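Visitor: Quick one: structure below, then a few questions.
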Amino acid sequence: PSATQNEVSADEAEALISQGAKFIAEGSNMGCTQEAIDIFEASRKEKKGSAIWYAPGKAANAGGVAVSGLEMAQNSQRLKWTSEEVDEKLKQIMKNCFENGLETAKEYVTPAEGEFPSLVAGSNIAGFKKVAQAMHDQGDWWTYTSRSTRPKTALFFPGQGVQRVGMLDPWLSAFPSTVKPILEEIDHTLAISPSLTSLITSATNSELTATQNAQPAIMATSILILRVLEKEFGFTTKDTVDVTLGHSLGEFAALVAAGNLDFTSALKMVRRRGEVMAHCSASTQAEMGMVALVCEPDQRDATLDAITRHLDKNPDLRANVANINSKTQFVLSGEIAHINTVLKHISQFDSHDPRAVRLKADSPFHSPLMQPAVELMQKLLRQPNAVTFDDSTLPCISNITAKPFSSADELIDLVARSAAEPVLWHQSIVYLHQQEKVKRWIGIGPGKVGRNLVGKEVGMKGIGVKGGGVLALTDPKEIEEFMRALEDTDKALDEDVE
1 PSATQNEVSA DEAEALISQG AKFIAEGSNM GCTQEAIDIF EASRKEKKGS AIWYAPGKAA
61 NAGGVAVSGL EMAQNSQRLK WTSEEVDEKL KQIMKNCFEN GLETAKEYVT PAEGEFPSLV
121 AGSNIAGFKK VAQAMHDQGD WWTYTSRSTR PKTALFFPGQ GVQRVGMLDP WLSAFPSTVK
181 PILEEIDHTL AISPSLTSLI TSATNSELTA TQNAQPAIMA TSILILRVLE KEFGFTTKDT
241 VDVTLGHSLG EFAALVAAGN LDFTSALKMV RRRGEVMAHC SASTQAEMGM VALVCEPDQR
301 DATLDAITRH LDKNPDLRAN VANINSKTQF VLSGEIAHIN TVLKHISQFD SHDPRAVRLK
361 ADSPFHSPLM QPAVELMQKL LRQPNAVTFD DSTLPCISNI TAKPFSSADE LIDLVARSAA
421 EPVLWHQSIV YLHQQEKVKR WIGIGPGKVG RNLVGKEVGM KGIGVKGGGV LALTDPKEIE
481 EFMRALEDTD KALDEDVE
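One point on numbering: in full-length UniProt numbering, the residue at position 287 of the sequence shown is 287, and numbering is uninterrupted.
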């Protein structure tokens, strides 16, 4: 033990270290200079377990009771104490002070391997906590909530049908150092031959359109574009986005972006899901597929009702409503001949004649024929650690309910069922637009069908909308405009933005 009435200087700190001092415990108002403290802390970090360990005294009390004997002597009760009592009280004060700094350091500061905890950091934090608690106890406190400086934002992803041979090529050419490792990860994960990358870059259209190839190709491309944004342009999904959603297959990309599913695990799930769906279609002898119906906004619900009534009366017909995409469009799925029968009936007996468009899909998605895919997904999603659902994840909208998933169990149930039940896409957009007050919509992935569907509903097609708009990123050539639109809409808020 040693003592000084003067502050310890930098030279004295060096001398203490060179002489093998192990502990510096301040016990006065005039302890060590900042230069000395810096030297002690540098030694702690460099020499780790063999370093000098510096313990500040006053900071841990932050203006409360210091550990100095001088302040102890100024206590109004000092005349009633014996010298032994003063020593014991001083000893206890010092002990409490240093233990407080140590325990606080253990709680809030993580030292490098082998280092002593920083008592400087621990004592300063402890001092702040003591002052804050004292202010709170005296009623001298308030709260402040900063207002978001950006519009409420939804991130959405496309479904099957947007696949295109070569859709990865521009991204690989523009950002090879980022894209190539992702493609290698994708191919290593799936381990199929030919690889998914080669299917996307050089397969025939019919090969890529096959369900087992198209589904992982679209999801992988969507997440790849998001990863490019994150790595190359500093886009942070959790800070930029409030909610995610995806059309049909796009729900898996939305769950990855939200943090509910791991990318590689989701990729394997989607591949197996596609294989089972393809088998479901191949096991039937009839021609299967999907047909989009387009009608006037005031005719959609009446047309849907007429179709539903006819199907309820004729359960032998293998056809059903698969998607409700917008106020003017919905999709039927099933046996093509049976779909044609339904359309002929509503035209003859209900005076409904919507325009029919055959979709580029080789399977009757979102129909009871896909029940084997439901059972597969229930099994895969219930594997240990398959789903994350906690405070770290973003809200994600269910295709089936058009509302956010409320729990891990509900997510597992609804995502599995989505293979055989209708996609309420239009209802999802209406919910986010009208109830959640989403103003900015970001579409990520190949194709622009999703952007067009969203834009028609919310009236924000394009990016020139104050405080919001519908943005889409499908090609590297769009990035400059996309990033500029993000910045512009961050600044230009309407009075409706919360």
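Even for Gly, the Cβ is constructed at its ideal location relative to N, Cα and C. These numbers come from a predicted model, not from an experiment.
In chain order, what residues of the same chain have a beta carbon less than 8 Å from the beta carbon of Val241, not counting five sequence neighbours either side?
Guide: Result list for Val241: Thr153, Ala154, Leu155, Ala257, Leu394, Ile442, in chain order.
Visitor: Apply the 10 Å Cβ neighbour rule to Thr221 and answer buried if 16 or more other Cβ atoms are within range, or exposed otherwise.
Guide: Buried: at least 16 other Cβ atoms inside 10 Å.
Visitor: Starting from the C-beta of Ala278, find all residues in its chain whose C-beta is less than 8 Å away, skip the five residues before and the five after it, and write them out in chain order.
Guide: Cβ neighbours of Ala278 beyond the five flanking positions: Ala210, Thr211, Gln212, Asp362, Ser363.
Visitor: Assuming Ala10 contacts Glu35 under a Cβ cut-off of 8 Å, what Cβ separation, rounded to an integer in Å, is found between them?
Guide: With a Cβ gap of about 4 Å, Ala10 and Glu35 count as contacting.
Visitor: Which residues share a DSSP beta bridge with residue 528?
Guide: Look at the range of the chain in this structure, 1 to 498, and you will see that residue 528 is not part of it.
Visitor: Verify whether the separation of the beta carbon atoms of Glu232 and Thr178 is less than 7 Å.
Guide: Against a cut-off of 7 Å, the Cβ pair of Thr178 and Glu232 comes out as a contact.
Visitor: Assign Lys80 to buried or exposed, taking buried as 16 or more other Cβ atoms, counted over all protein chains shown, within 10 Å of its Cβ.
Guide: Lys80 is exposed by the Cβ-count criterion.
Visitor: Tell me which residues share the same chain as Lys48 and place their Cβ nearer than 7 Å to its Cβ, disregarding the 5 neighbours each side in the sequence.
Guide: Correct list, in chain order: Gly114, Glu115.
Visitor: Is Cys295 helix, strand or coil when you go by DSSP?
Guide: Correct three-state label for Cys295: coil.
Visitor: Hey, how far is the Cα of Gly468 from the Cα of Asp488?
Guide: Approximately 9 Å between the Cα atoms of the pair.
Visitor: How close, in whole Å, do the beta carbons of Met290 and Ser351 come, if the pair is a contact with beta carbons under 8 Å?
Guide: Going by Cβ atoms, the distance from Met290 to Ser351 rounds to 24 Å, so no, they are not a contact pair.
Visitor: So, at 6 Å on beta carbons, what are the nonlocal neighbours of Ile479 in its own chain, with the 5 sequence-adjacent residues on each side left out?
Guide: Excluding positions up to five away in sequence, the list is empty.
Visitor: Apply the 10 Å Cβ neighbour rule to Arg273 and answer buried if 16 or more other Cβ atoms are within range, or exposed otherwise.
Guide: By the neighbour-count rule (16 or more Cβ atoms within 10 Å), Arg273 is buried.
Visitor: Cβ atoms of Ala292 and Gln329: under 7 Å apart, would you say?
Guide: Yes, they are a contact pair.
Visitor: Report the residue from Lys129, Val423, Ser392 whose alpha carbon sits nearest the alpha carbon of Gly246.
Guide: Measuring from the Cα of Gly246, the nearest candidate turns out to be Val423.
Visitor: Taking C-beta to C-beta, are Ser428 and Ile400 nearer than 7 Å?
Guide: Against a cut-off of 7 Å, the Cβ pair of Ile400 and Ser428 comes out as no contact.
Visitor: How big is the Cα-Cα spacing for Asn452 and Ser367?
Guide: Taking the straight line from one Cα to the other gives about 25 Å.
Visitor: Relative to the C-alpha of Leu226, which residue among Phe175, Thr204, Val270 is closest?
Guide: The option with the nearest alpha carbon to Leu226 is Phe175.
Visitor: Can you name, in chain order, every residue of its own chain whose Cβ lies under 7 Å from the Cβ of Ala402, other than the five neighbours on each side?
Guide: Answer for Ala402: Leu424, Gln427, Ser428, Tyr431, listed in chain order.
Visitor: For Phe23, count the other beta carbons within 10 Å of its own beta carbon; 16 or more makes it buried, fewer makes it exposed. Which is it?
Guide: Exposed, because fewer than 16 other Cβ atoms sit within 10 Å of the Cβ of Phe23.
Visitor: Give the straight-line distance between the Cα atoms of Phe482 and Ser123, rounded to the nearest whole angstrom.
Guide: If you take the alpha carbons of Phe482 and Ser123, they lie about 47 Å apart.
Visitor: If you draw a straight line from the alpha carbon of Gln138 to that of Ile37, how long is it in whole angstroms?
Guide: One C-alpha to the other measures close to 33 Å.
Visitor: Grab the span of the alpha helix (DSSP H) containing Thr104 for me, first residue to last.
Guide: Residues 83-108.
Visitor: Which stretch, first to last residue, makes up the alpha helix (DSSP H) that contains Ala361?
Guide: From DSSP, Ala361 is part of no alpha helix (DSSP H); its letter is neither H nor E.
Visitor: Between which two residues does the beta strand (DSSP E) carrying Phe128 extend?
Guide: That residue, Phe128, is in no beta strand (DSSP E); its alpha helix (DSSP H) goes 119-137.
Visitor: From the DSSP output, which residues share a beta bridge with Phe252?
Guide: Paired residues: none, contrary to the question.
Visitor: Just how far apart, CA to CA, sit Pro95 and Gly20?
Guide: Note that residue 95 is Lys in the sequence shown, not Pro. In a straight line, the C-alpha of Lys95 is about 23 Å away from that of Gly20.
Visitor: Assuming the contact rule is C-beta atoms closer than 8 Å, Met269 and Leu380 should be a hit. Round their C-beta distance to whole Å, please.
Guide: So it is a contact: roughly 5 Å between Cβ atoms.
Visitor: Residue 504: buried (16+ other C-beta within 10 angstroms of its C-beta) or exposed?
Guide: No information on residue 504 is available, as it lies outside the stretch 1 to 498 that the chain covers here.
Visitor: Classify Gln434: buried if its beta carbon has 16 or more other beta carbons within 10 angstroms, exposed otherwise.
Guide: Label assigned to Gln434: exposed.
Visitor: Report all residues from its chain with a CB closer than 7 Å to the CB of Glu421; omit the five preceding and five following residues, and keep chain order.
Guide: For Glu421, where only same-chain residues beyond five positions count, the Cβ hits under 7 Å are His366, Ile400.
Visitor: Going by the DSSP bridge assignment, what does Leu332 pair with across the sheet?
Guide: Partner(s): Val291, Val321.
Visitor: Do Leu224 and Ile192 have their CB atoms nearer than 7 Å?
Guide: No, the Cβ-Cβ distance between Leu224 and Ile192 is not below 7 Å.
Visitor: Drop a sphere of 10 angstroms on the beta-carbon of Gly166, count the other beta-carbons inside from all chains shown, and report buried for 16 or more, exposed for fewer.
Guide: Exposed, since its Cβ has fewer than 16 Cβ neighbours within 10 Å.
Visitor: Can you tell me which of the three DSSP states Thr221 falls into?
Guide: Helix at Thr221.
Visitor: Count the C-beta pairs between the segment 306-323 and the segment 409-419 that are closer than 8 Å, then say yes if the count reaches three, no if not.
Guide: Cβ pair count under 8 Å is below three, so no.
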